[in-house]
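Here's the structure we're looking at; comments come further down.
Numbering (our numbering), first residue to last: 1 to 308.
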């Protein structure tokens, strides 16, 4: 088990370093922050002073080494707009993003998995066809389209909920629903497929032939074996929560990390963008690492094979 965890931790560290490197290089090749932040009419000496202050004129490898060294000491840089610590600006937005991502994740798991399992156990029924249809609609409609449809129905037509902004729990309902509907469909589809595959295995038929009660067969044999692919997709969804919030927070004017990322990219605020991308990478790596550990717990065969 120690070898299994060590290999996963090493892969996680390499992944985070690769994301840091890719983000650093791409951001510096995508445009000059001085031209965006200062504007086209600023005198050249002011631009040169700005570039010298932020070391933008140095070779990119030297900037990269300085960046890595600062990260190792806990320094994530300063915002080029107001010289505030980038990490503080990002952490200020975390609670707002969590107000959307946590309810959205709970809705995905609480509705998608039971719907898929129920549809699999009642295959070819009206309920099964309804779940398949809703799943297809859920994960094929883009989130920005879904958000606009929900606003049109609940805010404009029925006037039940606010169309955007940040405030009480009422303001979080439509964004959270927008983030969750597609995931509910995906989880329902994957859960249904996993359960159908497991229910067709010989050991399920053997357990039934031995007289084991149906609900015990489902609970004791089918669900644990179907859990592995379901855990995979849930782990991916957890890792993609912050990235998925970018579009939704922009649509609903929600002051979270996703909206901050859009603003920072447009302003070429390098330190803030790098900090957000590093946070997204860390969340995805931790979620994938958790999934790997759950694999080893759910199926020891996977753990033993991965350790060799």
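Beta carbons are placed, not taken as given, at the ideal position from N, Cα and C, and that holds for glycine.
Check, Outcome
"Nearest-angstrom Cβ-Cβ length linking residue 256 and residue 100, presumed shorter than 8 Å", "7 Å"
"Sequence-distant residues of the same chain with beta carbon closer than 8 Å to residue 182, five excluded per side", "138, 139, 141, 143 and 146"
"Beta-carbon proximity list for residue 307, same chain, < 6 Å, skipping 5 on both sides", "Only weak support exists for where residue 307 lies, its pLDDT of 49 falling under 50; the coordinates are left without a value."
"Which of helix, strand or coil DSSP assigns to residue 223", "helix"
"DSSP-derived helix/strand/coil call for residue 114", "helix"
"Reduced DSSP category for residue 175 - H, G, I as helix; E, B as strand; rest coil", "helix"
"Same chain, Cβ closer than 6 Å to residue 320, five either side skipped, listed in chain order", "Given that the chain is displayed from residue 1 to residue 308, the structure contains no residue 320 and the question cannot be resolved."
"Opening and closing residue of the alpha helix (DSSP H) in which residue 16 lies", "2-29"
"N-terminal and C-terminal residue of the alpha helix (DSSP H) that residue 144 is part of", "143-150"
"Residue interval of the alpha helix (DSSP H) (run including residue 215)", "214-217"
"Paired residues, beta bridge with residue 85 - DSSP", "78"
"The segment 159-173 contacting the segment 218-226, beta-carbon criterion three pairs below 8 Å", "no"
"Exposure label - residue 93; buried when at least 16 CB within 10 Å", "buried"
"Inter-stretch contact at 8 Å, needing at least 3 Cβ pairs: the segment 32-40 / the segment 263-276", "yes"
"Selection from 39, 78 and 82 that minimises the alpha carbon distance to residue 55", "78"
"Closest Cα partner of residue 102 within the set 39, 239 and 282", "239"
"Endpoints, alpha helix (DSSP H) assigned at residue 128", "126-140"
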